[in-house]
Amino acid sequence: GRQQPRPGGRRAQVVAQPRENLRPFQTFEGLLRDAEGHGRKRSPDPAPNAASNGFRFDGARAERKLWRVMGQDSPTEEVLEATRDIDRWSVEEIVRAIHEEDRKAHAAVTLALPKIAEATEVLVTTLAGGGNWYNVGAGTSGRIGVLDASAIPPTFGRPKDRVVGIMAGGDAALRNAIEGAEDHPERAAFELREWGLSAGDAVVAISASGTTPFTLGSFDAAHEVGARTIAITCNPGSPLAEAAEVAIVAAV
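Laid out in C-alpha coordinates, this is it:
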(Lines of atoms letter the chains of each structure in order from A and count residues from 1; the text may use other names and numbers.)
(Lines give C-alpha, C1' and ligand atoms only; values in the text may rest on other atoms or scores of the structure.)
Protein backbone atom coordinates (compact mmCIF):
# COMPACT_ATOMS: atom_id res chain seq x y z
CA GLY A 1 0.00 0.00 0.00
CA ARG A 2 0.94 3.66 -0.26
CA GLN A 3 3.11 5.05 2.47
CA GLN A 4 1.53 7.85 4.41
CA PRO A 5 2.93 11.30 3.73
CA ARG A 6 5.34 13.05 6.04
CA PRO A 7 5.63 12.68 9.77
CA GLY A 8 5.25 15.75 11.90
CA GLY A 9 7.95 18.34 11.87
CA ARG A 10 8.74 22.00 11.43
CA ARG A 11 7.51 23.52 8.23
CA ALA A 12 9.90 25.33 5.95
CA GLN A 13 9.60 29.07 5.61
CA VAL A 14 7.25 29.93 2.78
CA VAL A 15 9.11 31.77 0.05
CA ALA A 16 7.13 33.85 -2.40
CA GLN A 17 7.48 32.79 -6.02
CA PRO A 18 6.89 34.71 -9.23
CA ARG A 19 3.23 34.54 -10.18
CA GLU A 20 3.68 34.35 -13.95
CA ASN A 21 3.42 30.97 -15.69
CA LEU A 22 1.39 29.57 -12.83
CA ARG A 23 -0.17 26.88 -15.01
CA PRO A 24 2.68 25.69 -17.23
CA PHE A 25 0.92 22.66 -18.66
CA GLN A 26 -2.27 24.56 -19.48
CA THR A 27 -0.19 27.22 -21.27
CA PHE A 28 1.74 24.57 -23.17
CA GLU A 29 -1.41 22.64 -24.07
CA GLY A 30 -2.94 25.77 -25.57
CA LEU A 31 0.15 26.32 -27.72
CA LEU A 32 0.06 22.70 -28.83
CA ARG A 33 -3.53 22.92 -29.90
CA ASP A 34 -2.95 26.16 -31.80
CA ALA A 35 0.05 24.63 -33.55
CA GLU A 36 -1.89 21.52 -34.54
CA GLY A 37 -4.99 23.38 -35.72
CA HIS A 38 -6.68 22.72 -32.37
CA GLY A 39 -4.75 19.47 -32.01
CA ARG A 40 -7.13 17.28 -33.97
CA LYS A 41 -7.16 15.35 -37.19
CA ARG A 42 -9.66 13.15 -38.94
CA SER A 43 -9.44 9.48 -37.96
CA PRO A 44 -8.97 7.00 -40.83
CA ASP A 45 -11.36 4.61 -39.10
CA PRO A 46 -14.59 4.54 -41.14
CA ALA A 47 -16.56 3.86 -37.97
CA PRO A 48 -14.94 6.04 -35.29
CA ASN A 49 -15.73 5.72 -31.65
CA ALA A 50 -18.62 7.99 -30.79
CA ALA A 51 -16.84 9.36 -27.74
CA SER A 52 -13.97 10.68 -29.87
CA ASN A 53 -16.28 12.14 -32.53
CA GLY A 54 -13.88 10.84 -35.20
CA PHE A 55 -10.90 12.90 -34.06
CA ARG A 56 -7.77 12.20 -32.05
CA PHE A 57 -5.02 14.37 -30.59
CA ASP A 58 -1.58 13.72 -32.06
CA GLY A 59 0.67 15.00 -29.27
CA ALA A 60 4.06 14.16 -30.82
CA ARG A 61 3.21 15.79 -34.14
CA ALA A 62 1.77 18.82 -32.36
CA GLU A 63 4.90 19.17 -30.23
CA ARG A 64 7.11 19.26 -33.31
CA LYS A 65 4.87 21.89 -34.90
CA LEU A 66 4.92 23.93 -31.71
CA TRP A 67 8.71 24.23 -31.77
CA ARG A 68 8.63 25.29 -35.42
CA VAL A 69 5.99 27.91 -34.65
CA MET A 70 8.15 29.24 -31.79
CA GLY A 71 11.09 29.52 -34.21
CA GLN A 72 13.23 26.92 -32.50
CA ASP A 73 13.76 23.17 -32.48
CA SER A 74 13.81 21.05 -29.37
CA PRO A 75 17.51 20.16 -29.00
CA THR A 76 16.64 16.70 -27.72
CA GLU A 77 14.99 15.92 -31.08
CA GLU A 78 17.77 17.15 -33.35
CA VAL A 79 19.80 14.81 -35.55
CA LEU A 80 23.55 14.76 -34.89
CA GLU A 81 24.86 15.53 -38.36
CA ALA A 82 28.25 13.95 -37.70
CA THR A 83 26.61 10.55 -37.16
CA ARG A 84 24.16 10.37 -40.05
CA ASP A 85 26.01 7.36 -41.49
CA ILE A 86 26.54 5.67 -38.12
CA ASP A 87 25.01 2.44 -39.45
CA ARG A 88 28.16 2.03 -41.57
CA TRP A 89 30.62 2.53 -38.73
CA SER A 90 32.57 -0.08 -36.81
CA VAL A 91 31.62 -0.77 -33.20
CA GLU A 92 34.76 0.98 -31.96
CA GLU A 93 33.95 4.09 -34.02
CA ILE A 94 30.47 4.16 -32.52
CA VAL A 95 31.59 3.90 -28.90
CA ARG A 96 34.26 6.55 -29.48
CA ALA A 97 31.61 8.89 -30.91
CA ILE A 98 29.41 8.31 -27.86
CA HIS A 99 32.37 9.02 -25.59
CA GLU A 100 33.09 12.30 -27.40
CA GLU A 101 29.47 13.37 -26.98
CA ASP A 102 29.71 12.56 -23.27
CA ARG A 103 32.51 15.14 -23.05
CA LYS A 104 30.03 17.76 -24.26
CA ALA A 105 27.61 16.75 -21.52
CA HIS A 106 30.33 17.27 -18.91
CA ALA A 107 31.03 20.74 -20.28
CA ALA A 108 27.32 21.60 -20.25
CA VAL A 109 27.02 20.59 -16.61
CA THR A 110 30.01 22.81 -15.81
CA LEU A 111 28.10 25.80 -17.19
CA ALA A 112 25.09 24.85 -15.08
CA LEU A 113 27.02 24.67 -11.78
CA PRO A 114 25.73 28.04 -10.43
CA LYS A 115 22.12 26.86 -10.88
CA ILE A 116 22.95 23.48 -9.37
CA ALA A 117 24.31 25.27 -6.31
CA GLU A 118 21.18 27.44 -6.13
CA ALA A 119 18.93 24.39 -6.36
CA THR A 120 20.95 22.66 -3.65
CA GLU A 121 20.37 25.59 -1.31
CA VAL A 122 16.63 25.37 -1.97
CA LEU A 123 16.58 21.66 -1.15
CA VAL A 124 18.68 22.09 1.99
CA THR A 125 16.31 24.79 3.21
CA THR A 126 13.30 22.61 2.41
CA LEU A 127 14.56 19.56 4.31
CA ALA A 128 15.88 21.61 7.24
CA GLY A 129 12.46 23.21 7.60
CA GLY A 130 10.61 19.90 7.74
CA GLY A 131 9.45 19.89 4.14
CA ASN A 132 9.55 17.11 1.59
CA TRP A 133 11.49 16.87 -1.67
CA TYR A 134 9.73 15.28 -4.65
CA ASN A 135 11.47 14.10 -7.82
CA VAL A 136 8.96 13.85 -10.70
CA GLY A 137 9.50 12.47 -14.18
CA ALA A 138 8.49 10.03 -16.90
CA GLY A 139 10.44 7.30 -18.69
CA THR A 140 14.18 7.38 -18.11
CA SER A 141 13.93 10.77 -16.37
CA GLY A 142 11.41 9.35 -13.91
CA ARG A 143 13.53 6.27 -13.25
CA ILE A 144 16.56 8.45 -12.47
CA GLY A 145 14.44 10.50 -10.07
CA VAL A 146 13.20 7.38 -8.25
CA LEU A 147 16.72 5.95 -8.09
CA ASP A 148 17.99 9.21 -6.61
CA ALA A 149 15.24 9.27 -3.97
CA SER A 150 15.74 5.59 -3.12
CA ALA A 151 19.42 6.16 -2.33
CA ILE A 152 18.76 8.87 0.27
CA PRO A 153 17.87 6.66 3.30
CA PRO A 154 20.86 4.25 3.14
CA THR A 155 23.34 6.93 2.07
CA PHE A 156 22.32 9.85 4.27
CA GLY A 157 20.11 8.29 6.92
CA ARG A 158 17.04 10.38 6.06
CA PRO A 159 13.53 8.87 6.42
CA LYS A 160 12.34 7.36 3.15
CA ASP A 161 9.23 9.54 2.99
CA ARG A 162 11.19 12.81 3.06
CA VAL A 163 12.65 12.45 -0.45
CA VAL A 164 10.11 10.82 -2.76
CA GLY A 165 10.29 9.71 -6.39
CA ILE A 166 7.11 10.00 -8.45
CA MET A 167 7.11 8.17 -11.76
CA ALA A 168 4.60 8.38 -14.62
CA GLY A 169 2.88 4.98 -14.67
CA GLY A 170 3.81 4.20 -11.08
CA ASP A 171 6.15 1.49 -9.83
CA ALA A 172 5.19 -0.81 -12.71
CA ALA A 173 6.81 1.65 -15.13
CA LEU A 174 10.19 1.25 -13.45
CA ARG A 175 10.69 -2.13 -15.15
CA ASN A 176 8.24 -1.96 -18.03
CA ALA A 177 7.52 0.89 -20.42
CA ILE A 178 3.93 2.13 -20.10
CA GLU A 179 3.14 4.00 -23.28
CA GLY A 180 1.11 7.16 -22.84
CA ALA A 181 1.67 7.46 -19.09
CA GLU A 182 3.64 10.67 -19.67
CA ASP A 183 0.71 12.32 -21.44
CA HIS A 184 -1.41 12.90 -18.31
CA PRO A 185 -0.40 15.99 -16.30
CA GLU A 186 -3.31 15.59 -13.92
CA ARG A 187 -1.87 12.30 -12.64
CA ALA A 188 1.32 13.97 -11.43
CA ALA A 189 -0.71 16.65 -9.69
CA PHE A 190 -2.92 13.96 -8.10
CA GLU A 191 0.08 12.01 -6.79
CA LEU A 192 1.59 15.11 -5.23
CA ARG A 193 -1.69 16.07 -3.57
CA GLU A 194 -1.99 12.52 -2.22
CA TRP A 195 1.40 12.96 -0.59
CA GLY A 196 0.17 16.20 0.98
CA LEU A 197 2.22 18.67 -1.08
CA SER A 198 2.37 22.03 0.67
CA ALA A 199 4.17 25.37 0.66
CA GLY A 200 7.16 24.04 2.61
CA ASP A 201 7.99 21.38 0.03
CA ALA A 202 10.08 21.34 -3.17
CA VAL A 203 9.27 19.71 -6.51
CA VAL A 204 12.16 18.72 -8.78
CA ALA A 205 10.76 18.11 -12.26
CA ILE A 206 13.02 16.14 -14.64
CA SER A 207 12.49 16.18 -18.42
CA ALA A 208 15.15 16.30 -21.15
CA SER A 209 12.82 18.07 -23.59
CA GLY A 210 11.12 20.18 -20.93
CA THR A 211 7.76 19.49 -22.58
CA THR A 212 6.58 16.24 -20.95
CA PRO A 213 2.95 16.77 -19.84
CA PHE A 214 3.24 14.57 -16.72
CA THR A 215 6.25 16.54 -15.54
CA LEU A 216 4.67 19.90 -16.32
CA GLY A 217 1.62 18.84 -14.30
CA SER A 218 3.80 18.58 -11.20
CA PHE A 219 4.54 22.30 -11.46
CA ASP A 220 0.84 23.07 -11.76
CA ALA A 221 0.33 21.40 -8.38
CA ALA A 222 3.41 23.08 -6.88
CA HIS A 223 2.33 26.55 -7.95
CA GLU A 224 -1.15 26.01 -6.54
CA VAL A 225 0.24 25.64 -3.00
CA GLY A 226 3.39 27.77 -3.29
CA ALA A 227 5.92 24.92 -3.17
CA ARG A 228 9.44 25.52 -4.47
CA THR A 229 10.10 24.42 -8.06
CA ILE A 230 13.31 23.16 -9.67
CA ALA A 231 13.61 22.01 -13.28
CA ILE A 232 16.28 19.70 -14.70
CA THR A 233 16.22 19.81 -18.49
CA CYS A 234 18.32 20.03 -21.65
CA ASN A 235 16.09 22.62 -23.30
CA PRO A 236 16.61 26.25 -22.19
CA GLY A 237 13.52 27.62 -23.94
CA SER A 238 11.12 24.92 -22.79
CA PRO A 239 7.91 25.42 -20.79
CA LEU A 240 9.45 23.52 -17.87
CA ALA A 241 12.51 25.77 -17.71
CA GLU A 242 10.37 28.89 -18.00
CA ALA A 243 8.01 27.80 -15.21
CA ALA A 244 10.70 26.87 -12.65
CA GLU A 245 11.98 28.98 -9.80
CA VAL A 246 15.41 27.44 -10.49
CA ALA A 247 16.13 25.87 -13.87
CA ILE A 248 19.15 23.59 -14.24
CA VAL A 249 19.74 23.44 -17.99
CA ALA A 250 22.42 21.22 -19.51
CA ALA A 251 22.16 22.29 -23.13
CA VAL A 252 23.57 19.35 -25.10
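Quick note: the sequence shown uses this note's numbering, first residue 14, plus one each step.
A virtual CB, placed ideally from N, CA and C, is assigned to each residue, including glycine.
Asked: Do three or more CB pairs link the stretch 122 to 142 to the stretch 194 to 207 at distances below 8 Å?; Found: no
Asked: By DSSP, does Thr224 sit in helix, in strand, or in coil?; Found: coil
Asked: Can you name, in chain order, every residue of its own chain whose Cβ lies under 6 Å from the Cβ of Thr225, other than the five neighbours on each side?; Found: Ala151, Glu195
Asked: Distance, Cα to Cα, Gly170 vs Ala125?; Found: 28 Å
Asked: Roughly how far, in whole angstroms, is the beta-carbon of Ala190 from the beta-carbon of Ala215, given that I think they are within contact range, below 8 Å?; Found: Incorrect: roughly 28 Å between the Cβ atoms, too far for contact.
Asked: Does the Cβ-Cβ distance between Gly223 and Thr246 come in under 7 Å?; Found: yes
Asked: What does a CB cutoff of less than 6 Å around Ala260 pick up in its chain, not counting 5 residues either side in sequence?; Found: Ala244, Ala254
Asked: Would you kindly report the start and end of the unbroken beta strand (DSSP E) that includes Gly152?; Found: It is not in any beta strand (DSSP E) - Gly152 instead sits in the alpha helix (DSSP H) that spans 152 to 163.
Asked: For His197, which residues from the same chain have a beta carbon less than 7 Å from its beta carbon, with the 5 sequence-adjacent residues on both sides left out?; Found: Pro226, Phe227
Asked: Could you tell me the distance, in whole angstroms, from the CA atom of Thr139 to the CA atom of Val176?; Found: 11 Å
Asked: Taking Gly213 and Gly142 to be in contact with their CB atoms under 8 Å, please state how far apart those CB atoms are, rounded to whole angstroms.; Found: 6 Å
Asked: What residue from Leu160, Ala181, Gly182 has the CA that sits closest to Lys173's CA?; Found: Leu160
Asked: Please classify Gly182 as buried or exposed, where buried requires at least 16 neighbouring CB atoms within 10 angstroms.; Found: buried
Asked: Put Gly188 into one of helix, strand or coil per three-state DSSP.; Found: It is Arg, not Gly, that sits at residue 188 in the sequence shown. If DSSP states are grouped into helix, strand and coil, Arg188 belongs with coil.
Asked: With distances taken from CA atoms, which of Ile179, Arg109, Glu94 is nearest Asn145?; Found: Ile179
Asked: What separation, rounded to the nearest whole angstrom, lies between the Cα atoms of Arg55 and Ile107?; Found: Because the pLDDT at Arg55 is just 38, under 50, the model does not fix this residue reliably, and the value given afterwards should be weighed accordingly. If you take the alpha carbons of Arg55 and Ile107, they lie about 42 Å apart.
Asked: Taking just the CA atoms, how far does Pro249 sit from Phe258?; Found: The displayed chain sequence assigns Glu, not Phe, to residue 258. In a straight line, the C-alpha of Glu258 is about 14 Å away from that of Pro249.
Asked: Which same chain residues, not among the five before or five after Ser163, have their C-beta less than 7 Å away from its C-beta?; Found: Gly178
Asked: Mind checking whether Lys117 and Val217 have CB atoms under 7 Å apart?; Found: no
Asked: Rounding to the nearest angstrom, what Cα-Cα distance links Ala185 and Ser87 in this structure?; Found: 29 Å
Asked: If you run the structure through DSSP and keep just helix, strand and coil, what is Gly193?; Found: coil
Asked: Note the first and the last residue of the continuous beta strand (DSSP E) segment covering Ala244.; Found: 241 to 246
Asked: Can you tell me which of the three DSSP states Ala202 falls into?; Found: helix
Asked: Would you report the Cα separation of Ile111 and Thr96, rounded to the nearest angstrom?; Found: 10 Å
Asked: Taking only three categories from DSSP, how would you classify Val262?; Found: strand
Asked: On the DSSP bridge list, what partners appear for Asn145?; Found: Paired residue(s): none; Asn145 is not in a bridge.
Asked: Who are the near neighbours of Lys128 in its chain, counting only those whose CB is closer than 8 Å to its CB and skipping five residues on each side?; Found: Val259, Ala260, Ile261, Val262
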